[in-house]
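Below is one structure, written out as structure tokens, with a few remarks after it.
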């Protein structure tokens, strides 16, 4: 086939929308709601069909990702397999050099608005829904964003001739002139003037009106600190611009017990020397409220710094919450501060005799005494004196004359 005619073959891009039961123009939050409902219904752990559950996961993996969804809408499943590129020579030519429908560029996009959402580690483990109320600009529906009740109510500014700027020349010295550009004071940089009798009564000529919007922010199981949730087109809208996005950034609060590393949870646990040698049991309150019974059997000696792991008790994997990471427990051992002679004798019977002193023959031996460590012991030594001569001023000493 040649490139003539510019036709592209029809692609099938309906399947994933049908699986989730949403329209092709559905907003991301609608797609997410549909996915959550279907995933709960068809989850294999709740008696659902595993193949259907996989189809739902696959559909959401595409439609829940803005870039993949655009590729799917344009090229169908084939485009996803091929990396999303054009499917014939004409499309390749258009994509590389412009032309045809692919060269069309829409209006510029407005600025995004970023909000922080504080979440706990429990929220990221179990998932939650939060409501975010925002005040945003929307193009005035009364005047369709022109600021006047009729088109002829808007005229070009005669001061700046529609450019929105004024240029002034300032003489700063003999033969020296400075050119300064400023927003036009008459039209405030808009390049146009609204005739007062035609000024829109709804927006007072501002072309936009304020609107309160409540967004439902779904924090999915397994999401990460710093992860972004984007609401496309929900930010401010202004004439000539498409609405920007509202971007919600998750900020996780510190947890008193667990720290998170990827999909794993890490905790510290101190045990007594008796526990370390004789075995122990304890409970861990998991982030979803469950109590985990942990047991170290008798005869299994636990050494300081030892790390044990519990599979499937870490954080859920985002978009695959049935898969969880590890829970790592780092143990420390609390030793007694003093052991009496009788206790020492008992310990020797159980653990064996103490290590004897190795013979040194006729070598000269100095007996020393250990003391508790202090930061004072590591003070730096001065170049001209010791660490203990603070009363000296490092000045040359006067020597008595010899008779």
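Numbering (the UniProt record's numbering), first residue to last: 1 to 403.
Ideal Cβ positions, reconstructed from N, Cα and C, are used throughout, including at glycine.
As assigned by DSSP and simplified to three states, the class of residue i
| i | result |
| --- | --- |
| residue 182 | strand |
| residue 334 | strand |
| residue 379 | coil |
| residue 108 | strand |
| residue 329 | strand |
| residue 123 | helix |
| residue 52 | helix |
| residue 31 | helix |
| residue 58 | helix |
| residue 41 | helix |
| residue 68 | helix |
| residue 364 | coil |
| residue 227 | coil |
| residue 192 | strand |
| residue 171 | strand |
Pairwise C-alpha distance: residue j and residue i
| i | j | result |
| --- | --- | --- |
| residue 130 | residue 281 | 38 angstroms |
| residue 20 | residue 330 | 43 angstroms |
| residue 301 | residue 340 | 23 angstroms |
| residue 200 | residue 319 | 48 angstroms |
| residue 308 | residue 260 | 16 angstroms |
| residue 114 | residue 217 | 13 angstroms |
| residue 68 | residue 17 | 13 angstroms |
| residue 224 | residue 287 | 15 angstroms |
| residue 73 | residue 15 | 11 angstroms |
| residue 269 | residue 326 | 16 angstroms |
| residue 121 | residue 284 | 15 angstroms |
| residue 344 | residue 324 | 46 angstroms |
| residue 220 | residue 305 | 34 angstroms |
| residue 87 | residue 71 | Bear in mind that a pLDDT of 39 at residue 87, under 50, signals an unreliable position, so the model cannot answer this. |
| residue 42 | residue 312 | 22 angstroms |
| residue 377 | residue 127 | 52 angstroms |
| residue 239 | residue 22 | 30 angstroms |
| residue 165 | residue 230 | 36 angstroms |
Whole-angstrom C-beta distance between residue j and residue i, which should lie under 8 angstroms
| i | j | result |
| --- | --- | --- |
| residue 203 | residue 157 | So it is not a contact: roughly 19 angstroms between Cβ atoms. |
| residue 236 | residue 136 | 5 angstroms |
| residue 110 | residue 244 | 4 angstroms |
| residue 206 | residue 153 | About 14 angstroms separates the two Cβ atoms, so there is no contact after all. |
| residue 248 | residue 228 | 7 angstroms |
| residue 133 | residue 212 | 6 angstroms |
| residue 117 | residue 251 | 7 angstroms |
| residue 222 | residue 182 | Between residue 182 and residue 222 the Cβ distance is about 52 angstroms, and since that is not below 8 angstroms, they are no contact. |
| residue 334 | residue 273 | 7 angstroms |
| residue 171 | residue 180 | Rounded, the Cβ-Cβ distance is 12 angstroms, inconsistent with contact. |
Outcome for residue i when other beta-carbon atoms lying within 10 angstroms are tallied against a minimum of 16
| i | result |
| --- | --- |
| residue 265 | buried |
| residue 418 | Look at the range of the chain in this structure, 1 to 403, and you will see that residue 418 is not part of it. |
| residue 34 | buried |
| residue 254 | exposed |
| residue 315 | buried |
| residue 76 | buried |
| residue 298 | exposed |
| residue 338 | exposed |
| residue 353 | exposed |
| residue 169 | exposed |
| residue 194 | buried |
| residue 371 | exposed |
| residue 234 | buried |
Sheet register partners of residue i (DSSP bridge)
| i | result |
| --- | --- |
| residue 129 | 218 |
| residue 294 | 282 |
Below-8 angstroms beta-carbon distance, residue i vs any chain B residue
| i | result |
| --- | --- |
| residue 79 | No chain B is part of this structure, which consists of one protein chain only. |
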